[in-house]
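Peer 1: In the working numbering, the protein residues as written are 61 to 192.
Built from N, CA and C at the ideal position, the CB exists for glycine as well.
From a predicted model like this one, the values you see are computed outputs, not experimental measurements.
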Amino acid sequence: MKTVDLAKAVEEAKKLDQKYNFFTTIASASGSGIPIVAKDNICTKDIETTAGSEILKGYKPTFDATVISRLKAAGGKVIGKNTMDEFGFGTFATNTYKIPKNPLDEERSCGGSSGGSAGYVAASKLVDFAVS
């Protein structure tokens with residue numbers, strides 16, 4: 061894990077999302093820290109968490125999942141939530157939002173229920189891992 065300019069990490073996330081559909085939500089961030097991206101079924105305090113489903117649109121948890129709390133304690137900052145299969149059921153990362161494209165072949169899905177997470181880490185130059 062590396063510390064980076066978080067504003068640059070958010071900017072990169074927005075650019076990659078426009079091209080590949082990796083995110084359901086991109087948060088704002090500034091300063092330096094370890095950028096965290098999380099699958100959209102992992103609770104992140106005050107950041108919309110939908111599990112890839114319209115039924116949860118607008119839901120913002122009042123708490124962080126333990127893994128997020130621990131990463132924040134180590135200097136992490138959540139910059140976004142990644143697209144996923146609706147409720148994690150499926151194999152092509154299809155959902156009610158958008159299907160993430162494979163950065164190595166845009167005609168294909170990233171696959172798996174964590175497609176947005178996998179694709180983003182593969183394409184990012186600033187983020188080394190996703191919580192998925």
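Which whole runs of the beta strand (DSSP E) in the stretch 103-145 are 3 residues long or more, in chain order?
Peer 2: Listed in chain order, the complete beta strand (DSSP E) runs (minimum 3 residues) inside the stretch 103-145 are 136-142.
Peer 1: Taking the beta strand (DSSP E) that residue 98 belongs to, which residues open and close that run?
Peer 2: 92-99 is the span of the beta strand (DSSP E), which, as asked, contains residue 98.
Peer 1: Within the same chain, show all residues whose beta-carbon is closer than 7 angstroms to that of residue 123, passing over the 5 residues directly before and after it, in chain order.
Peer 2: The answer, listed in chain order, is 103 and 105.
Peer 1: Going by DSSP, what residue range makes up the beta strand (DSSP E) through residue 169?
Peer 2: First-last of the beta strand (DSSP E) with residue 169: 165-169.
Peer 1: Evaluate the contact criterion for the stretch 116-132 versus the stretch 158-168: three or more CB pairs, one atom per stretch, below 8 angstroms.
Peer 2: Contact between the stretch 116-132 and the stretch 158-168 is absent, because fewer than three Cβ pairs lie under 8 angstroms.
Peer 1: Would you say residue 184 touches the ligand GTP, meaning its beta carbon is less than 6 angstroms from a heavy atom?
Peer 2: Ligands in the displayed structure: none, and consequently the ligand GTP is not present.
Peer 1: Could you spell out where the beta strand (DSSP E) holding residue 84 opens and where it closes?
Peer 2: Element bounds for residue 84: 83-86.
Peer 1: What residue range does the alpha helix (DSSP H) around residue 79 cover?
Peer 2: Unbroken alpha helix (DSSP H) run through residue 79: 66-80.
Peer 1: Taking three-plus beta-carbon pairs below 8 angstroms as touching, is the stretch 163-171 in contact with the stretch 91-98?
Peer 2: At 8 angstroms Cβ cutoff, the stretches do not touch.
Peer 1: Work out the CA separation of residue 136 and residue 80 for me, nearest whole Å.
Peer 2: Their backbone Cα atoms lie some 24 angstroms apart in a straight line.
Peer 1: From which residue to which residue does the alpha helix (DSSP H) around residue 181 run?
Peer 2: Run containing residue 181: 175-183, per the alpha helix (DSSP H) assignment.
Peer 1: I want to know whether the stretch 171-180 touches the stretch 124-135 - three or more CB-CB distances under 8 angstroms.
Peer 2: No, the stretch 171-180 does not touch the stretch 124-135.
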